[in-house]
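Read through the structure below, which is laid out as structure tokens, and then see the notes.
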Amino acid sequence: MKKKTNKDQQENYLERKPKRHEAIAWAKDEKGIVTLDIENTGFFNRLAQKFFHKPKVTHIHLDEMGSFVWPIMDGEKDIIAIGKEVEEQFGEKANPLYERLAKFFQVLDSYHFITWN
3 MKKKTNKDQQ
13 ENYLERKPKR
23 HEAIAWAKDE
33 KGIVTLDIEN
43 TGFFNRLAQK
53 FFHKPKVTHI
63 HLDEMGSFVW
73 PIMDGEKDII
83 AIGKEVEEQF
93 GEKANPLYER
103 LAKFFQVLDS
113 YHFITWN
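Start counting the sequence shown at 3; every next residue gets the next number (the numbering used here).
Here is the structure:
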């Protein structure tokens with residue numbers, strides 16, 4: 003049986019098509035920075051809100067590159083196509099491009115901010 007290499011896994015990962023989760027509210031400010039508004043729901047979050055005065059909604063501010071990528075994650079473009087757009091926008095500033103994008107999407111996926119088509 004052939005063992006998958008990291009290169010095989012990375013190629014497959016780059017062909018995936020990320021899509022913003024529909025339940026997440028977001029807005030773009032005048033500087034172009036995207037802010038995600040995540041509602042803290044569930045039993046433990048309600049306890050934390052009541053006893054520790056934690057907010058009902060958490061605001062997550064993306065960086066410049068994340069703010070560029072967030073609106074174009076429509077489920078139609080794969081990570082390679084998104085990477086090309088990022089490279090056109092940011093040039094050398096985006097390097098190492100695909101490693102950064104892969105980590106960005108892994109973080110978004112771990113918090114269930116995106117789904118995959």
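A virtual CB, placed ideally from N, CA and C, is assigned to each residue, including glycine.
> Can Lys56 and Glu41 be called in contact, C-beta distance under 8 Å?
Replying inline: Stepping through the sequence shown from its first residue, residue 56 is reached at position 54. Stepping through the sequence shown from its first residue, residue 41 is reached at position 39. Against a cut-off of 8 Å, the Cβ pair of Glu41 and Lys56 comes out as no contact.
> Val71 and Ile84 look like a contact to me (Cβ under 8 Å); what is the Cβ gap, rounded to whole Å?
Replying inline: The count along the sequence shown starts at 1 and reaches residue 71 at position 69. The count along the sequence shown starts at 1 and reaches residue 84 at position 82. Between Ile84 and Val71 the Cβ distance is about 6 Å, and since that is below 8 Å, they are a contact.
> What do you reckon, are the CB atoms on Ile74 and Glu17 nearer than 8 Å?
Replying inline: For this step, residue 74 is matched to residue 72 along the sequence shown. For this step, residue 17 is matched to residue 15 along the sequence shown. The answer is no: Cβ separation not under 8 Å.
> Quick one, are the C-beta atoms of Phe115 and Ile26 less than 8 Å apart?
Replying inline: What you label residue 115 is simply residue 113 of the sequence shown in a count that begins at 1. What you label residue 26 is simply residue 24 of the sequence shown in a count that begins at 1. Result yes, Cβ atoms of Phe115 and Ile26 sit closer than 8 Å.
> Does DSSP put Ile81 in a helix, in a strand, or in coil?
Replying inline: Counting from 1 along the sequence shown, the entry for residue 81 is found at position 79. Correct three-state label for Ile81: helix.
>> Quick check on the burial criterion: 16 or more other C-beta atoms within 10 angstroms. Buried or exposed for Val109?
In response: Within the sequence shown, the letter at position 107 stands for residue 109. By the 10 Å Cβ count, Val109 comes out exposed.
> Relative to the C-alpha of Asp65, which residue among Ser112, Asn119, Lys30 and Lys21 is closest?
Replying inline: Taking the sequence shown and counting its residues from 1, one reaches residue 65 at position 63. Closest by alpha carbon: Lys30.
> Considering only C-alpha positions, which residue in the set Asn14, Phe53, Leu49 and Met67 is nearest to Lys33?
Replying inline: Here residue 33 refers to the residue found at position 31 of the sequence shown. Of the candidates Asn14, Phe53, Leu49 and Met67, the one whose C-alpha sits nearest the C-alpha of Lys33 is Met67.
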